[in-house]
Amino acid sequence: MEPDFQGVDSECRERDEDCFDLGLLADGLARSGYGEFVANFDPLVPRPNAWRANRESIPVSLRPVVDLFLMNEPVEADAIPASLRALFPALTDIGLIVALAGNRIATPGLVILPVWGNWLVCERPGPNPAFYFGEDSIALLARMLPRSGGDCLDLCTGPGLHAVHCARFARSVAAVEINATAARLAWINARLNRVVDRVDVFHGDLYQPVVGRRFDTIVANPPLLPYPDALPAPRVGYAGPDGFRIIGRILQGLPHALRDGGAAQIIGMTLSDGRVPVIVDRLDGIAKESDMAIRCSALSHQRLMSGDAYFDLVAGSMMHVSGQGASLVEDALRTMLASQKCSHLCTFFLHVVPGNGRFDLVDVSQPDRPGFWYI
Numbered sequence: 108m109e110p111d112f113q114g115v116d117s118e119c120r121e122r123d124e125d126c127f128d129l130g131l132l133a134d135g136l137a138r139s140g141y142g143e144f145v146a147n148f149d150p151l152v153p154r155p156n157a158w159r160a161n162r163e164s165i166p167v168s169l170r171p172v173v174d175l176f177l178m179n180e181p182v183e184a185d186a187i188p189a190s191l192r193a194l195f196p197a198l199t200d201i202g203l204i205v206a207l208a209g210n211r212i213a214t215p216g217l218v219i220l221p222v223w224g225n226w227l228v229c230e231r232p233g234p235n236p237a238f239y240f241g242e243d244s245i246a247l248l249a250r251m252l253p254r255s256g257g258d259c260l261d262l263c264t265g266p267g268l269h270a271v272h273c274a275r276f277a278r279s280v281a282a283v284e285i286n287a288t289a290a291r292l293a294w295i296n297a298r299l300n301r302v303v304d305r306v307d308v309f310h311g312d313l314y315q316p317v318v319g320r321r322f323d324t325i326v327a328n329p330p331l332l333p334y335p336d337a338l339p340a341p342r343v344g345y346a347g348p349d350g351f352r353i354i355g356r357i358l359q360g361l362p363h364a365l366r367d368g369g370a371a372q373i374i375g376m377t378l379s380d381g382r383v384p385v386i387v388d389r390l391d392g393i394a395k396e397s398d399m400a401i402r403c404s405a406l407s408h409q410r411l412m413s414g415d416a417y418f419d420l421v422a423g424s425m426m427h428v429s430g431q432g433a434s435l436v437e438d439a440l441r442t443m444l445a446s447q448k449c450s451h452l453c454t455f456f457l458h459v460v461p462g463n464g465r466f467d468l469v470d471v472s473q474p475d476r477p478g479f480w481y482i
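In our numbering, the protein residues as written are 108 to 482.
So, in structure tokens, the structure goes:
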């Protein structure tokens with residue numbers, strides 16, 4: 108079900124003091140014990156199966172709240188604590204709650220998660236979401252260093268997690284998202300976290316809505332999974348066969364958007380031969396052409412050949428995204444790897460500053476270590 112955020116419009120943005128205080132929902136969830144329950148799970152790897160497996164361990168009075176806001180299951184409205192139930196009319200107007208027959212309510216396919224001190228409304232973690240939140244979202248969050256009191260730009264903001272987090276430190280945050288519904292969701296998350304006075308959400312393509320402005324910090328978690336040209340493009344974005352399609356555009360725009368003394372932080376995926384990311388020559392060229400200093404930290408190289416666990420994982424994700432059968436997807440993946448003489452999936456983090464056109468590759472990966480984002 109696609110959310111219909113009826114309460115978010117330009118008039119409400121201009122006169123936010125007249126809008127419902129969505130922070131009351133965060134307050135109520137914190138008081139109920141909901142946040143404490145969700146915080147018990149691995150903060151680096153969202154796992155819906157783990158939430159469900161532990162549902163029976165929580166107090167009976169909390170289970171309807173967990174069912175509604177975490178499990179995406181309809182509940183009886185009267186089973187929700189009165190302090191939260193009082194918010195339902197306003198939440199229905201906004202589109203976060205849907206009234207069903209028989210005094211039952213549901214969310215429109217959304218969950219609410221506490222993430223490192225922030226509250227996040229997003230789509231339930233899974234393959235091919237419209238409002239993306241996943242392990243790489245947390246991986247970028249853990250590495251972000253927004254300048255205190257500065258101006259921040261969050262590109263490909265999705266549901267706005269990074270924008271909200273930056274607003275805890277920055278003077279202002281511009282959050283840009285090409286998906287109109289995701290942009291409205293980012294605005295809702297700014298309101299939920301009571302940072303709406305410091306966050307402006309724009310619906311548009313990368314730098315287009317903020318042309319002419321400069322920022323102290325630029326962060327981005329763009330579409331990043333290398334994806335074969337032969338398959339239908341996923342709905343959350345298309346990173347291209349080397350994972351560089353969007354990141355390349357972001358890097359090209361940095362000289363016009365980053366202030367002297369500022370820094371950009373970008374997370375991504377590409378392919379490699381197990382040692383060198385396939386994009387190093389392109390990164391080196393962009394550094395020289397733009398007079399930017401680019402440091403690429405390679406975090407992992409996971410074997411991606413037929414029969415490997417990560418090959419099956421990536422192929423399975425591509426099957427779900429593309430709607431194509433296993434044979435076609437696996438052939439497309441093998442062809443993509445062979446055409447670039449690559450055998451591994453490589454995760455990386457980019458740190459970019461105005462500088463001397465220098466490119467550095469720092470490989471911190473550890474052989475045979477599972478996982479993508481940490482060593």
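In this text, a Cβ means the ideal position worked out from N, Cα and C, and glycines have one as well.
Comparing alpha-carbon positions, which option in A206, M178 and V167 lies nearest A184?
-> As a working note, residue 184 is residue 77 in the sequence shown. It is A206 whose Cα lies nearest to the Cα of A184.
Give a yes or no on contact between the region 290 to 301 and the region 324 to 337, applying the rule of three or more CB pairs nearer than 8 Å.
-> no
Contacting residues, own chain, Cβ-Cβ under 6 Å from I245 (five flanking each side not counted) = As a first step, residue 245 must be located in the sequence shown, where it is residue number 138. Counting only Cβ-Cβ distances below 6 Å, and skipping sequence neighbours, we find L151.
Give every residue of the same chain whose Cβ lies closer than 6 Å to the Cβ of R410, excluding the five residues on either side of it in the sequence, and list them in chain order.
-> Translated into positions along the sequence shown, residue 410 becomes position 303. Result list for R410: H451, in chain order.
Start-to-end residues for the alpha helix (DSSP H) that takes in S429 | To locate residue 429, count along the sequence shown from 1; it is residue 322. Looking at the DSSP string, the run of the alpha helix (DSSP H) that includes S429 is A416 to S429.
Candidates L175, L468, D380 and S190: which alpha carbon is nearest A400's?
-> The sequence position of residue 400 within the sequence shown is 293, counting from 1. For A400, the closest C-alpha among the options L175, L468, D380 and S190 is that of L468.
Would you mind giving the Cβ-Cβ distance between R389 and F351, rounded to the nearest angstrom? I have them listed as a contact below 8 Å.
-> Position 282 of the sequence shown, counting from 1, holds the residue named residue 389. Position 244 of the sequence shown, counting from 1, holds the residue named residue 351. With a Cβ gap of about 6 Å, R389 and F351 count as contacting.
What is the DSSP secondary structure of M376, counted as helix, strand or coil?
-> Here the question's residue 376 lines up with position 269 in the sequence shown. Note: M376 maps to strand in three-state DSSP.
Where does K399 sit, in a helix, a strand or coil, going by DSSP?
-> As a first step, residue 399 is located in the sequence shown; it is residue number 292 there, counting from the start. The question names Lys, yet the displayed sequence has Met at residue 399. Correct three-state label for M399: strand.
For the ligand FAD, is there a heavy atom less than 6 Å away from the beta-carbon of R192?
-> This structure does not include the ligand FAD; it has no bound ligands of any sort.
Quick one: using the 10 Å Cβ neighbour count with 16 as the cut-off for buried, is N210 buried or exposed?
-> To locate residue 210, count along the sequence shown from 1; it is residue 103. Exposed, because fewer than 16 other Cβ atoms sit within 10 Å of the Cβ of N210.
Euclidean distance between Cα positions of P330 and I353 | Position 223 of the sequence shown, counting from 1, holds the residue named residue 330. Position 246 of the sequence shown, counting from 1, holds the residue named residue 353. P330 and I353: Cα-Cα distance of roughly 7 Å.
Exposure label - N483; buried when at least 16 CB within 10 Å | The structure shown has nothing for residue 483, since the chain only spans 108 to 482.
Whole-number beta carbon distance between I212 and L136, since they are thought to touch under 8 Å = The residue labelled residue 136 in the question sits at position 29 within the sequence shown. The residue labelled residue 212 in the question sits at position 105 within the sequence shown. Incorrect: roughly 15 Å between the Cβ atoms, too far for contact.
Would you mind sorting G517 into buried or exposed? The rule is 16 or more other CB atoms within 10 Å of its CB.
-> Residue 517 cannot be examined here, being either before or after the span of the chain that is shown, 108 to 482.
Taking the CB atoms as reference points, tell me whether S404 and F479 lie closer together than 7 Å.
-> In the sequence shown, the residue the question calls residue 404 occupies position 297. In the sequence shown, the residue the question calls residue 479 occupies position 372. Against a cut-off of 7 Å, the Cβ pair of F479 and S404 comes out as no contact.
Can the beta-carbon of G265 be found less than 7 Å from the beta-carbon of F309?
-> Position 158 of the sequence shown, counting from 1, holds the residue named residue 265. Position 202 of the sequence shown, counting from 1, holds the residue named residue 309. Their beta carbons are not under 7 Å apart, which means G265 does not touch F309 by this criterion.
Bounding residues of the beta strand (DSSP E) (the contiguous stretch that carries A237) = Taking the sequence shown and counting its residues from 1, the one referred to as residue 237 is at position 130. Careful: A237 lies outside any beta strand (DSSP E) and carries neither H nor E.
Which residues mark the beginning and the end of the beta strand (DSSP E) in which R211 is found?
-> As a first step, residue 211 is located in the sequence shown; it is residue number 104 there, counting from the start. For R211, the uninterrupted beta strand (DSSP E) run begins and ends at R211 to A213, by DSSP.
From the DSSP output, read off the bridge partner residues of P384.
-> Position 277 of the sequence shown holds residue 384. Looking at the DSSP output, P384 bridges to S379.
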